[in-house]
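Residue numbers (my numbering): 24 to 221.
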């Protein structure tokens with residue numbers, strides 16, 4: 024029964040990320056997120072930027088450390104080797120970067136909206152929870168992503184001018200690129216469920 028509840032919760036987390044993506048993309052087309060150099064009033068109470076960064080990035084670090092020991096391959100040295108760069112990256116984002124912000128006098132002047140920090144915290148919480156790819160798909164996904172990366176590198180160096188001319192503007196080219204990123208995100212989330220799709 025516990026496995027069913029966990030599977031249902033996992034599905035709801037995945038669906039939440041899938042369905043919150045498009046409205047977020049549309050909203051950000053018209054609104055500029057008010058932090059950093061774009062900071063402005065009107066978004067409610069604020070936190071100091073170092074504290075906000077620490078809080079909003081922390082779920083990826085602590086939830087991963089909490090869940091990893093319960094994984095099937097948690098004691099496999101290869102898993103630990105692959106896990107280490109991920110952990111180092113998020114340790115930097117959660118601990119080192121906020122400490123650097125704390126030392127920087129210019130970044131600590133403006134407050135960071137609590138509403139933005141709460142949205143980022145929620146996203147990181149969901150994202151850290153669902154980051155799991157079933158082993159039977161790992162080779163396939165690696166091949167697809169390697170192929171896509173190689174093709175993107177070839178197309179970007181050869182075809183950018185052509186695509187800009189064909190689409191009419193660089194903005195249209197960026198829109199197509201954003202759509203491709205969205206399609207890739209949906210692809211990865213579909214396979215993150217660990218079930219056979221086809």
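All C-beta atoms in this analysis are idealised placements derived from N, C-alpha and C, irrespective of residue type, glycine included. Keep in mind that this is a model prediction, so the values were computed, not measured.
Residue j beta carbon less than 9 Å from that of residue i
i           : j           : result
residue 109 : residue 87  : yes
residue 66  : residue 73  : no
residue 50  : residue 140 : no
residue 40  : residue 149 : yes
residue 106 : residue 84  : no
residue 153 : residue 42  : no
residue 146 : residue 45  : no
residue 134 : residue 70  : yes
Which of helix, strand or coil DSSP assigns to residue i
i          : result
residue 54 : coil
Residue interval of the alpha helix (DSSP H) (run including residue i)
i           : result
residue 147 : 137-153
residue 102 : 100-114
residue 117 : Segment: none, residue 117 is in no alpha helix (DSSP H) and carries neither H nor E.
residue 77  : 72-90
Exposure label - residue i; buried when at least 16 CB within 10 Å
i           : result
residue 223 : Outside the modelled stretch of the chain, which goes from 24 to 221, sits residue 223, for which no answer is possible.
residue 136 : buried
residue 151 : buried
residue 100 : exposed
residue 117 : buried
residue 80  : buried
residue 68  : exposed
residue 82  : buried
residue 38  : exposed
residue 124 : buried
Any non-hydrogen atom of the ligand MG closer than 8 Å to residue i Cβ
i           : result
residue 120 : Absence of the ligand MG from the depicted structure is noted, as is the absence of any ligand whatsoever, leaving it without description.
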